[in-house]
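For the record, in the sequence shown the residue sitting at position 32 is 32 according to the UniProt record's numbering, with numbers rising by one throughout.
Where is the CB? At the ideal position from N, CA and C, for every residue including glycine.
Bear in mind the structure is a predicted one, so any value in this text is a computation, not a measurement.
Notes follow the structure.
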Amino acid sequence: MSNMDAAMYRIANSYEHWLQRRYVKGKLAMDPAYAATAALIKHRPMPLLDIGCGIGLLGQYLHARGIVTRYLGVDSDPRKIEAGNRALRQAGLDGVLQLRQTDGTSQQPIRGHVALLDVLHYLPRDGQHALLDNAIAHLAPGGLLVIRNVLRERSWRYAYTRVSEFFLSASGWMRVGAQHYPSADELRRQLETAGLTVTIRSLHGKTLFDSYLLVAARPK
């Protein structure tokens with residue numbers, strides 16, 4: 001077993017419920033968003049604000065890769081924050097990484113990179129605009145806003161993702177179902193108006209889901 005494989009195994013086992021451990025192992029094995037985020041910020045060392053952090057998996061992954069030493073994850077769901085904090089204590093990282101229950105539009109005492117992974121479509125259009133404005137406000141000069149999201153388009157992946165989101169909401173894991181699927185142009189317009197340079201590419205990875213990576217860079 002490689003050092004990185006061992007680190008991923010330790011991350012999964014820091015979560016106390018077997019369903020969470022199974023979920024984490026699947027995400028680390030199949031989801032390309034974590035490695036993509038790591039590749040983007042590894043040569044730009046600065047703090048990371050993770051909005052909609054869930055159980056804090058991105059923070060644990062980036063710490064295991066030696067990429068971030070200051071991480072703040074925020075999420076409005078107390079269940080996920082509690083589960084994430086228990087995992088941080090189990091891993092001995094509760095003094096290194098921080099998770100906080102709060103709204104994604106609240107101001108935080110951190111400036112650097114910002115991550116928004118699978119968050120926007122759970123908000124209505126106006127809520128998405130407000131969240132993006134807040135994310136932009138937390139970018140440091142040279143910082144990256146890393147967004148992974150479903151984008152509205154005509155494709156079988158998009159249709160499959162919408163059906164999957166319905167069942168995800170029905171399961172109770174997501175307190176709120178999908179509200180509005182933004183288009184690429186919709187997001188690009190707001191980010192470029194704020195003076196950011198935007199790139200967009202597909203991030204389907206090994207999954208069947210509609211998934212895109214948007215990277216918005218603030219000039220230095």
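Beta-carbon gap between residue i and residue j smaller than 8 angstroms
{"i": "arginine 70", "j": "glycine 143", "result": "no"}
{"i": "histidine 63", "j": "valine 24", "result": "no"}
{"i": "valine 68", "j": "alanine 115", "result": "no"}
{"i": "alanine 36", "j": "leucine 203", "result": "yes"}
{"i": "residue 222", "j": "histidine 138", "result": "Beyond the ends of the chain as shown, which are 1 and 220, falls residue 222; an answer cannot be given."}
{"i": "alanine 140", "j": "methionine 4", "result": "no"}
{"i": "valine 74", "j": "arginine 100", "result": "yes"}
Residue from the options whose Cα sits closest to the Cα of residue i
{"i": "leucine 72", "options": "Arg79, Leu48 and Gly92", "result": "Leu48"}
{"i": "glycine 56", "options": "Ala91, Arg111, Met30 and His43", "result": "Ala91"}
{"i": "alanine 29", "options": "Leu40, Trp18, His17 and Ala7", "result": "Ala7"}
{"i": "valine 150", "options": "Leu191, Leu62, Arg201 and Gly95", "result": "Arg201"}
{"i": "glutamine 179", "options": "Tyr23, Arg152 and Arg188", "result": "Arg152"}
{"i": "serine 76", "options": "Gly195, Asp31, Gln20 and Thr102", "result": "Thr102"}
For residue j and residue i, the rounded distance between their alpha carbons
{"i": "tyrosine 15", "j": "asparagine 85", "result": "9 angstroms"}
{"i": "aspartate 31", "j": "serine 211", "result": "10 angstroms"}
{"i": "histidine 129", "j": "glutamine 190", "result": "8 angstroms"}
{"i": "alanine 87", "j": "lysine 80", "result": "11 angstroms"}
{"i": "glutamate 192", "j": "aspartate 126", "result": "17 angstroms"}
{"i": "lysine 220", "j": "proline 182", "result": "28 angstroms"}
{"i": "threonine 197", "j": "glycine 66", "result": "27 angstroms"}
{"i": "leucine 58", "j": "tyrosine 9", "result": "14 angstroms"}
{"i": "alanine 194", "j": "serine 2", "result": "43 angstroms"}
{"i": "glutamate 82", "j": "arginine 44", "result": "30 angstroms"}
{"i": "proline 78", "j": "lysine 27", "result": "21 angstroms"}
{"i": "alanine 216", "j": "arginine 89", "result": "33 angstroms"}
{"i": "alanine 184", "j": "threonine 199", "result": "10 angstroms"}
{"i": "histidine 17", "j": "glutamine 98", "result": "20 angstroms"}
Supposed contact pair residue j and residue i - C-beta distance, whole angstroms, cut 8 angstroms
{"i": "arginine 148", "j": "leucine 187", "result": "Not quite, the Cβ-Cβ distance comes to about 12 angstroms (not below 8 angstroms), so this is no contact."}
{"i": "glutamine 60", "j": "leucine 19", "result": "Not really, about 17 angstroms apart at Cβ, beyond 8 angstroms."}
{"i": "arginine 157", "j": "leucine 208", "result": "7 angstroms"}
{"i": "alanine 12", "j": "arginine 21", "result": "5 angstroms"}
Residue i: CB within 7 angstroms of a non-hydrogen atom of the ligand SAH
{"i": "tyrosine 181", "result": "By its list of ligands, the structure shown contains no ligand whatsoever, and the ligand SAH lies outside what it can speak to."}
#### Entry: Three or more C-beta pairs below 8 angstroms linking the stretch 110-122 and the stretch 45-52
yes
### Message
Three or more C-beta pairs under 8 angstroms: does that hold for the stretch 133-141 against the stretch 106-113?
### Response
yes
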